[in-house]
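In this note's numbering, the protein residues as written are 2 to 346. Worksheet: one structure, shown below.
Quick look at the structure:
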C-alpha cells in the first residue's frame, strides 16, 4: 500500500520531541496492551515480530502499564525492551489495579506507598533499571495531586524514572502537577470520536510545553470498521464488550457516522484507519503542540498501515467533513466515567 504522496508503507516515520526537554521519539508510538491482554486471543510470535517491525519503521515510544494483565504485558515486553534498551523510549504506568474483591473491576490508588510498590514491580518485570516515561494512569481524588507528583519526582531524583507523565487529567490538574515537577506528556483518549480534551486540556498542554499522547486514536478499532456490535462480533473476554459506544443501539448509530471516513479513504486509496490516524496526527499543527498517538496493534500488516498514515495530510475540505463526527457520537467512553478526566473539568 502507498499513501497519497506515493511513499511505500514500509518507509520510516519522522520524529518529534516529546514535550519541552523530553526525548526525541517517532511521531507515532505503539500501544502494547492488546498484545497480551484485553482484546481477545493473541498470536505471541506475531506480536513479537510486530514489535521488531515497529522499531524498523521508526516507532520508538512503546507503551504499557502494570495493570495490563496484572503485569503480564510488562513481562511480555521485557525481552524486546532489554534487547533494544538504548533505541526505545519505554512508557509504563501505575495507579490502576484490579479489585481483589471483584477481578472485573478496577481501583485507583495514587498514595506514596502504592507508588513505591508499583514502580519496583514494573522495574522488576521489565528487567530494567530505569523507566523512561512513568505515568500516573488515573487520578485518585482522595490523595492530593501535589503529594503524588512529589513522590513521582523522588523517583526521578533516584534515577528510577527519567520523565513524568499523567493520564486522563484535567487542565487544572496538569497545571498543579507542572508546578511540582516538569511533566513531559499527558496521555488521554483523543480521536474522531473523542474530543473533550480539546476544550481545556490541550490548550493547557500547549501553553506548558507538554506533549499529548492520544490513546485509542482508532476508537479501540471501531473507527477502522473492523466491527460494529462488540457483544456479537468480539471474543467473550474482549474489553470492548463492556463499553457503551460499541454495544446495542449506540453501536449502530455510531457505525453510521463512519461514512465520511470511508468516503475520504476510498478517494485517497487509503484505509479508514489511515484517515482516522491522519486526523489525529494533524492535531499537532492544529493546536501547536507535539502529538504522538499510540495506536495498538499486534500484526505487522496493521502496523505498516498505521505508520503510513503519518504521511497523509488531509485537506481543509476533508477536515471539515470529519469535524461534526464527535458531536454526534452516542454513548460514554467508559461505563464508569471515573476513569476519564471529563467528569472533573
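Built from N, CA and C at the ideal position, the CB exists for glycine as well.
So what does residue 95 bridge to, in DSSP terms? Numbered from 1 along the chain shown, position 94 holds the residue referred to as residue 95. Residue 95 pairs with 137.
By Cβ distance below 7 Å, which residues in the same chain neighbour residue 18 in space, the five residues on each side in sequence not counted? Start at 1 with the first residue of the chain shown, and residue 18 comes out as number 17. Only 25, 291 meet the Cβ criterion.
If residue 56 sits next to residue 92, beta carbons under 8 Å apart, how far is it from one beta carbon to the other, in whole angstroms? Looking up residue 56 in the chain shown gives position 55. Looking up residue 92 in the chain shown gives position 91. With a Cβ gap of about 15 Å, residue 56 and residue 92 do not count as contacting.
Which residue wins for smallest C-alpha separation from residue 224, given the options 153, 273, 185, 141? Your numbering for residue 224 matches position 223 in the chain shown. When only C-alpha atoms are compared, the closest one is 273.
Go through its chain and collect everything with a Cβ distance to residue 285's Cβ below 7 Å, but skip five positions before and after it. Your numbering for residue 285 matches position 284 in the chain shown. Hits under 7 Å: 291, 292.
Tell me which same chain residues have a C-beta within less than 6 Å of the C-beta of residue 209, skipping the five on either side of it? The count along the chain shown starts at 1 and reaches residue 209 at position 208. Contacts found: 179.
Specify whether the segment 150-160 and the segment 185-198 touch according to this definition: at least 3 beta carbon pairs, one from each stretch, less than 8 Å apart. no
In whole angstroms, what is the alpha-carbon distance linking residue 122 and residue 85? The residue you call residue 122 lines up with position 121 of the chain shown. The residue you call residue 85 lines up with position 84 of the chain shown. Approximately 21 Å, taken between the alpha carbons.
Grab me the residues of residue 15's own chain with a C-beta within less than 6 Å of its C-beta, minus the 5 sequence neighbours each way, in chain order. As a first step, residue 15 must be located in the chain shown, where it is residue number 14. Around residue 15: 28.
Based on the DSSP secondary-structure assignment, which residues constitute the bridge partners of residue 215? For the purposes of this step, residue 215 is taken as residue 214 along the chain shown, with counting starting at 1. DSSP, once it has assigned bridges, lists 189 as partnering residue 215.
Among 76, 341, 173, whose alpha-carbon lies nearest the alpha-carbon of residue 124? Residue mapping note: residue 124 aligns to position 123 of the chain shown, counting from 1. Nearest option by C-alpha distance: 76.
Buried versus exposed call for residue 46 [16 or more other C-beta atoms within 10 Å across all chains shown]: Locating residue 46 in the chain shown gives position 45, counting from the first residue. Looking at its Cβ environment, which holds fewer than 16 other Cβ atoms inside 10 Å, residue 46 is exposed.
Assuming residue 246 contacts residue 330 (C-beta within less than 8 Å), just tell me the rounded distance between them. On the chain shown, position 245 is the one that residue 246 refers to. On the chain shown, position 329 is the one that residue 330 refers to. Confirmed, about 7 Å.
Quick one: give me the first and last residue of the alpha helix (DSSP H) that residue 1 is part of. Outside the shown range of the chain (2 to 346) lies residue 1, about which nothing can therefore be said.
What did DSSP end up calling residue 63 once you bin it into helix, strand or coil? Counting from one through the chain shown, the residue named residue 63 turns up at place 62. Here residue 63 sits in strand by DSSP.
If you measure between the beta carbons of residue 169 and residue 196, is that distance less than 8 Å? To locate residue 169, count along the chain shown from 1; it is residue 168. To locate residue 196, count along the chain shown from 1; it is residue 195. No, these two residues do not count as a Cβ contact at 8 Å.
To the nearest angstrom, how far is the alpha carbon of residue 211 from that of residue 199? In the chain shown, the residue the question calls residue 211 occupies position 210. In the chain shown, the residue the question calls residue 199 occupies position 198. Approximately 14 Å, taken between the alpha carbons.
In the structure shown, what three-state DSSP assignment does residue 102 receive? For the purposes of this step, residue 102 is identified with residue 101 of the chain shown, where counting begins at 1. Note: residue 102 maps to coil in three-state DSSP.
May I ask you to report which of helix, strand or coil DSSP gives residue 72? Here residue 72 refers to the residue found at position 71 when the chain shown is read from its first residue. Here residue 72 sits in coil by DSSP.
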